[in-house]
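The next block holds one structure in the form of structure tokens; read it before the comments.
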Amino acid sequence: MAKADIGLWGLAVMGENLVLNMESKGFTVAVFNRTTQKTKDFAEGKAKGKNIIPAYEVKDFIASLSKPRKVMLMVKAGKPVDMVIEQILPYLEKGDLIIDGGNSHFPDTIRRCSQIEGKGLLYIGTGVSGGEEGALKGPSIMPGGSEKAYAMAESIFTKISAKVDGRPCCTYIGDNGAGHYVKMVHNGIEYSDMQLICEAYYLMKNALGMSAEQMHKTFADWNKGDLDSYLIEITADILSKKDPVTGNPLVEMILDKAGQKGTGSWASQSALALGVAVPTIAEAVFARCISAVKDERLAASKQLSGPSGKYTGDKAEFITAIHDALYASKICSYAQGFALMAAAAKEYSWKPNFGRIAMIWRGGCIIRAQFLRRIKEAFDHKSDLANLLLDPYFKQIVQNAQPNWRKVIITAAELGIPVPAFSSALNYYDSYRTERLSANMIQAQRDYFGAHTYERLDRKGVFHTEWLAPPQLKNELF
Ligand code: 6PG
Numbered sequence: 002m003a004k005a006d007i008g009l010w011g012l013a014v015m016g017e018n019l020v021l022n023m024e025s026k027g028f029t030v031a032v033f034n035r036t037t038q039k040t041k042d043f044a045e046g047k048a049k050g051k052n053i054i055p056a057y058e059v060k061d062f063i064a065s066l067s068k069p070r071k072v073m074l075m076v077k078a079g080k081p082v083d084m085v086i087e088q089i090l091p092y093l094e095k096g097d098l099i100i101d102g103g104n105s106h107f108p109d110t111i112r113r114c115s116q117i118e119g120k121g122l123l124y125i126g127t128g129v130s131g132g133e134e135g136a137l138k139g140p141s142i143m144p145g146g147s148e149k150a151y152a153m154a155e156s157i158f159t160k161i162s163a164k165v166d167g168r169p170c171c172t173y174i175g176d177n178g179a180g181h182y183v184k185m186v187h188n189g190i191e192y193s194d195m196q197l198i199c200e201a202y203y204l205m206k207n208a209l210g211m212s213a214e215q216m217h218k219t220f221a222d223w224n225k226g227d228l229d230s231y232l233i234e235i236t237a238d239i240l241s242k243k244d245p246v247t248g249n250p251l252v253e254m255i256l257d258k259a260g261q262k263g264t265g266s267w268a269s270q271s272a273l274a275l276g277v278a279v280p281t282i283a284e285a286v287f288a289r290c291i292s293a294v295k296d297e298r299l300a301a302s303k304q305l306s307g308p309s310g311k312y313t314g315d316k317a318e319f320i321t322a323i324h325d326a327l328y329a330s331k332i333c334s335y336a337q338g339f340a341l342m343a344a345a346a347k348e349y350s351w352k353p354n355f356g357r358i359a360m361i362w363r364g365g366c367i368i369r370a371q372f373l374r375r376i377k378e379a380f381d382h383k384s385d386l387a388n389l390l391l392d393p394y395f396k397q398i399v400q401n402a403q404p405n406w407r408k409v410i411i412t413a414a415e416l417g418i419p420v421p422a423f424s425s426a427l428n429y430y431d432s433y434r435t436e437r438l439s440a441n442m443i444q445a446q447r448d449y450f451g452a453h454t455y456e457r458l459d460r461k462g463v464f465h466t467e468w469l470a471p472p473q474l475k476n477e478l479f
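Numbered per the working numbering, the sequence shown spans residues 2 to 479.
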């Protein structure tokens with residue numbers, strides 16, 4: 002029997018669809034799942050008649066692979082990945098490759114990479130984005146590991162990935178955890194993109210009293226312009242879906258409690274650890290957290306008061322203002338994500354190409370959007386761009402959007418409508434463009450209560466003041 006080009010462990014929807022995708026591109030794929038029934042069902046169902054080899058024992062699974070072997074894991078992040086690695090390692094030999102295609106936390110990938118490479122095997126931790134459909138028709142793939150490891154997987158990855166203008170949405174990201182780091186930032190941006198859209202929808206619904214049908218039309222219309230993206234497209238679709246039980250828009254029948262699996266929170270935690278400001282990404286995580294305490298919010302809504310009411314100005318103008326607020330905020334959120342990746346690259350000695358990352362996010366993944374071409378152009382123009390906001394194109398967009406952006410936030414505040422991501426993005430912009438912030442006061446306070454010292458505007462050095470001493474005492478220079 003012909004040997005398989007690659008083996009895939011983990012037949013949940015993403016795993017199954019990746020297998021079907023690989024097979025459709027001419028690869029023979031061996032499959033294994035912890036529960037054998039799942040493998041049987043797949044073999045007798047979707048995999049029937051295809052170049053897919055089901056295996057029911059780990060030994061047989063590995064034996065069905067051509068050498069050097071390639072095994073891709075599509076299992077839940079965390080312990081399950083380590084457990085599967087432990088089970089396959091005894092059957093693998095030097096030069097074989099293990100690929101983790103789940104949403105693993107990048108420190109785990111760094112650890113696994115070094116453990117496995119220490120045994121003479123190769124390891125790739127790769128982001129795979131695009132959900133079920135992407136896995137089947139072409140995801141965006143963000144692989145990290147050694148270049149040697151990537152060379153082994155490159156032809157499979159590039160063939161199964163999405164294509165934009167004929168180019169694969171897959172590029173080598175960098176060593177060890179780089180691929181999973183970039184996927185984590187992708188997800189952080191995904192969280193903020195989603196939250197920003199939610200705020201736009203919420204303003205349309207509550208400040209303007211728009212119907213689902215009207216909102217559907219607005220989002221569909223936006224999808225033809227600067228905001229053209231998968232998430233705007235699915236939002237338009239969602240708004241047109243009726244609940245078969247009540248006949249109401251289905252979205253209005255869904256409980257307002259957001260779930261999360263951790264990647265947005267990891268991105269925010271990493272930003273905190275690296276000291277990089279990603280307020281819009283973090284706000285998007287917090288917005289999910291506050292949504293999750295529904296019972297508490299219900300009780301609070303009976304006790305805490307605030308303004309309410311509808312916007313009384315020109316509706317069409319306000320819709321345009323929401324559009325501009327969304328676009329400007331989105332640019333800030335991407336600026337934060339790219340700044341975070343740049344800081345991580347320094348910290349972990351990765352050398353990512355940000356233009357290429359923007360390119361591979363143009364297709365297949367959840368945040369795919371036309372405007373990523375602009376990000377690519379920004380990095381082509383200046384590969385060491387400190388912040389996307391400084392790129393001439395984005396500078397102009399944000400400049401033009403400002404009056405409307407501010408108006409939306411002011412109106413939301415007046416109407417008591419929460420817009421945490423819009424506001425945090427504007428605060429990020431205003432902070433970043435401000436020459437002198439208020440942090441001089443923080444430094445003074447820190448020095449006052451803890452002798453933490455401060456620097457001065459007019460002289461070099463580190464200073465401490467005895468704040469309670471009489472004023473004639475001079476500052477001490479360390
Ligand atoms: C993707 C997605 C995916 C993620 C889901 C759910 O790129 O395909 O990012 O990897 O798991 O979006 O994430 P949450 O459950 O945290 O919302």
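Even glycine gets a Cβ: it sits at the ideal position worked out from N, Cα and C.
Residue i versus the options, residue with shortest Cα-Cα distance
| i | options | result |
| --- | --- | --- |
| L90 | K60, D431, S105 and I376 | K60 |
| I358 | Y449, P55 and H181 | H181 |
| L416 | D222, G27 and N207 | N207 |
| A293 | Q261, A272, Q337 and I418 | Q261 |
| K51 | V30, Y57, K71 and Q38 | V30 |
| G310 | E318, I99, L209 and G131 | L209 |
| L251 | A136, A213, W468 and A322 | A213 |
| R407 | Q88, R113, T321 and M211 | T321 |
| L21 | K47, A13, K4 and G338 | K47 |
| A3 | M23, S67 and V72 | S67 |
| R434 | D109, V420, R363 and A387 | A387 |
| A271 | K149, G365 and A340 | Ala is not the amino acid found at residue 271; the sequence shown has Ser there. For S271, the nearest C-alpha among the options comes from A340. |
| G102 | L438, I117 and V82 | V82 |
| A288 | A413, T454, R460 and V420 | V420 |
| D109 | G146, A301 and L232 | G146 |
| G128 | I100, D385 and S432 | I100 |
| A413 | L204, N18, G314 and G462 | L204 |
| E318 | N34, P404, K149 and T454 | P404 |
| M360 | V165, L122 and M442 | V165 |
| Q337 | Y92, N18, Y349 and L275 | L275 |
Bridge-paired residues (DSSP) for residue i
| i | result |
| --- | --- |
| R168 | V165 |
| A5 | L66 |
| G146 | I125 |
| V32 | L9 and P55 |
| K243 | P250 |
| Y349 | Y349 is not bridged to any residue. |
| G175 | G145 |
| Y231 | According to DSSP, which records beta bridges pairwise, Y231 is partnered with nothing at all. |
| S130 | S141 |
| Y455 | F464 |
| A370 | S230 |
Own chain partners of residue i with C-beta closer than 6 Å, once the 5 adjacent residues on each side are dropped
| i | result |
| --- | --- |
| H217 | A237, L240 and S241 |
| P69 | G96 and D97 |
| V85 | W10, L74 and V76 |
| P55 | V32, T40 and A44 |
| Q371 | D229 |
| Y57 | T37 |
| N104 | A78 and T264 |
| A345 | Y182 |
| N34 | L12 and T40 |
Contact set for residue i: own chain, Cβ-Cβ below 8 Å, skip 5 residues either direction
| i | result |
| --- | --- |
| K295 | L256, D257 and K258 |
| K243 | N249, P250 and L251 |
| M342 | Y182, V183, V186, P353, F355 and I358 |
| I291 | R298 |
| Q306 | Residue 306 is actually Ser in this sequence, not Gln. Closer than 8 Å at the Cβ level, and outside the excluded window around S306, lies no residue. |
Cut-off 7 Å between Cβ atoms - residues of its own chain near residue i, not counting five sequence neighbours on either side
| i | result |
| --- | --- |
| F107 | G178, H181, Y182 and M185 |
| F158 | I142, P144 and C171 |
| Y192 | G265, I282, A285 and V286 |
| V399 | A329, I332, L390 and Y430 |
| Y335 | I190, I376 and L389 |
| Q365 | In the sequence on display, residue 365 carries Gly and not Gln. For G365, where only same-chain residues beyond five positions count, the Cβ hits under 7 Å are S130, G131, G135, G139, P140, S141, S162, A163 and C170. |
| A422 | S193, Q196, L197, E200, T281, E284, A285, A288 and S330 |
| R374 | R363 |
| K160 | K26 |
| I418 | Y203, L204, N207 and A208 |
| S302 | none |
Discussion item. Report the start-end ranges of each alpha helix (DSSP H) in the segment 247-280 that is 4 residues or longer and not cut off at the edges.
Written reply: 264-275
Item to complete: Please list the segments of the beta strand (DSSP E) lying wholly inside the segment 54-116, counting only runs of 3 or more residues, in order along the chain.
Response: 71-74 and 98-101
Worksheet item: What are the complete alpha helix (DSSP H) segments, minimum 4 residues, inside the segment 373-413?
Response: 373-382
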